[in-house]
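Reviewing the structure listed below.
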Amino acid sequence: MKVLLDTHLLLWWLADDEHLPARAAATIADPSTEVIVSAASAWEISIKQAAGRLDAPEDLLDAIAANDFGTIPITVDHAMAAGALPPHHADPFDRMLIAQAQLEGFTLVSVDSRFSDYDVELLPLG
Numbered sequence: 042m043k044v045l046l047d048t049h050l051l052l053w054w055l056a057d058d059e060h061l062p063a064r065a066a067a068t069i070a071d072p073s074t075e076v077i078v079s080a081a082s083a084w085e086i087s088i089k090q091a092a093g094r095l096d097a098p099e100d101l102l103d104a105i106a107a108n109d110f111g112t113i114p115i116t117v118d119h120a121m122a123a124g125a126l127p128p129h130h131a132d133p134f135d136r137m138l139i140a141q142a143q144l145e146g147f148t149l150v151s152v153d154s155r156f157s158d159y160d161v162e163l164l165p166l167g
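Under our numbering, the first residue of the sequence shown is numbered 42, with each subsequent residue one higher.
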């Protein structure tokens, strides 16, 4: 299975945070799961870090590599798909993750209930 992590899930995993749902933790830890981190998450994290609104690893790329997570860039196709999504969700980073999961066939891992308004495969966490 290939999963794309929402930014919250990535940060919770890296911090070993108790908010990380058990099903998400088990899926991420499963050696047969290919875990993907989007450039959109790195972008969101760096913006919030620079604004002093987020405590996250300064060495995010090293942390991603240390966990053997793959990465995916933002392409023009992803951008066009994100822009064409119905307006159920206003957060541009989340819209990008939804578009990437749709186009690339990833299962999206998120606790955001608004993601279910889209035609995207979600990892059941409930």
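Heads up, the beta-carbon is just placed ideally off N, CA and C, and yes, glycines get one too. These figures come from a predicted structure and were not determined experimentally.
For Pro114, same chain residues with a beta-carbon under 8 Å away, outside a window of 5 residues either side, are Ala80 in chain order. Boundaries of the beta strand (DSSP E) harbouring Ser79: 75 to 79, taken from the DSSP string. Following the DSSP letters along the chain, one finds Val152 in no alpha helix (DSSP H), marked with neither H nor E.
Collapsing the DSSP output to three states places Gly111 in a strand.
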